[in-house]
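The numbers in numbering that gives the first Met the number 0 rise by one with no breaks, and the one at position 152 of the sequence shown is 151.
Where a beta carbon is used, it is the ideal one built from N, C-alpha and C, also for glycine.
Here the structure comes first, spelled out in C-alpha cells, and everything after it is commentary.
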Amino acid sequence: MSTAGSSRRSFLTTTAALAVALPLAGAAPAAARPRQTPTPPKVGEEFTWRLDAPGTGLRVRESDASVDLSGQVHLRVAEQDSADPWNLKLKVTDFRLTGQDRQGLGEIELRHDDSAKTPDSLLRSISQFPPTWEQTLFLAFTLRIENPPEKLDEPLVLTTKNPGKLLGRLNNFPPNGDAYKLENPVDLVLQDSGETIASIQKFPVKVGGL
C-alpha cells in the first residue's frame, strides 16, 4: 500500500474516533435533583397511614410477651399556623392495631379511645434543604387481651393511664415507613379501679409505606 493511502486511512480512523469521543467527553453526569418540599395540607384534610410495630414489648402483671402488631391510624388536620403553614395540629380520629401472641395471650388489639382527653398530635417543618419534619403522635387507646394470665377476666380490656407519645423525624410527607420512637412506657389500667395491670415497654412503630 502507498504512503498516501496509509495516511488517508489513518486520517479517517482518527476522525471517526474523535467524532465518538467528543460527545462523550462533553457529557457531564446529570446532577440529582434536590427533593422538593410538598405543599402543606389544609385544615380538614384527612390521612390514613399504615402502622407496623413488630416486636412490641407487652408486660401483663409478671408475664412478658413480644407481639407483632399492624394496622392503621386515621388523622385530620385540626389547626394550621397562618404564619407557618407547616406548623400543624393533627387530630387522631381512629386507630387500630392487632396481632397474635404465640405464648398464650391470644389476640392483642389496640383501639383508639375517643372518650379520652388526648392532646393534638403535632407536625412541623425543621428543615427545608433537605426537607425534614418532626412529628409527635399522641395515642390514647384500649388494650384488649383475648387470654389474659390467670385471675383476670377474659377478655381483659384495659385503657391507657396517659396517652402514649411517639416521636418521629421524617424525610418525606406523608411518612413512608419512617420509624417513630416511644418516649416513655405506656401504663394500662382497669377502667373501673384505675389499677395498673399491664404496660407497653417497647413500641417500635413504622408509619406509612405499603
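Looking only at DSSP bridge pairs, what is residue i linked to?
i, result
"F172", "The partner list for F172 (beta bridge, DSSP) is empty, contrary to what the question assumes."
"D186", "S198"
"L181", "L165"
"G210", "Nothing about residue 210 can be read from this structure; the chain reaches only from 0 to 209."
"L155", "I144"
When you compare only the Cα positions, how much space is there between residue i and residue j?
i, j, result
"L21", "F172", "Residue placement at L21 cannot be trusted, given a pLDDT of 46 that sits under 50; the coordinates are not used to answer."
"D80", "P40", "12 Å"
"L155", "A197", "10 Å"
"L11", "G176", "Since pLDDT at L11 reaches only 47, below the 50 mark, its modelled position is unreliable, and the value read off the structure follows with that caveat. Their Cα atoms are separated by approximately 58 Å."
"R168", "V59", "31 Å"
"Q71", "F46", "10 Å"
"L135", "T38", "As written in the sequence, residue 135 is Thr, which differs from the Leu given in the question. Straight-line Cα distance between these residues: approximately 20 Å."
"L57", "Q102", "12 Å"
"N146", "T36", "47 Å"
"P148", "P84", "49 Å"
"P130", "N86", "14 Å"
"N170", "T158", "33 Å"
"A82", "S120", "19 Å"
"D100", "E194", "23 Å"
"S62", "I199", "12 Å"
"F215", "S192", "No statement about residue 215 is possible, as the shown extent of the chain runs from 0 to 209 and does not include it."
"S126", "E133", "9 Å"
"S124", "D67", "31 Å"
"G208", "E44", "19 Å"
On a Cα-Cα basis, can you pick out the residue from the options that is closest to residue i?
i, options, result
"N161", "D112, E61, P40, R75", "D112"
"R143", "L89, D83, Q190", "Q190"
"T55", "P129, I107, V76", "I107"
"S65", "N146, G98, W48, V72", "G98"
"R75", "S192, D67, L68, F94", "F94"
"P118", "E78, L109, S126", "E78"
"V42", "G163, S114, K88", "K88"
"G163", "L151, Q127, S69, K201", "K201"
"L104", "E153, D51, S192", "E153"
"D51", "Y179, D186, S124", "Y179"
"R110", "S126, H73, R123, F128", "H73"
"K116", "F140, S192, E44, D186", "F140"
Since I believe residue j is in contact with residue i (beta carbons under 8 Å), could you give me their beta-carbon distance rounded to a whole number of angstroms?
i, j, result
"V206", "P174", "4 Å"
"V91", "L138", "7 Å"
"L96", "S114", "Actually they do not touch by this definition, with Cβ atoms about 18 Å apart."
"V204", "L151", "Wrong, their Cβ atoms sit about 26 Å apart, outside the cutoff."
As an exercise, report each continuous alpha helix (DSSP H) stretch of at least 4 residues that is fully enclosed by the region 28-100, in chain order.
none
Unbroken stretches of the beta strand (DSSP E), 3 residues or longer, contained in the region 104-149
105-111, 120-127, 130-138, 140-144
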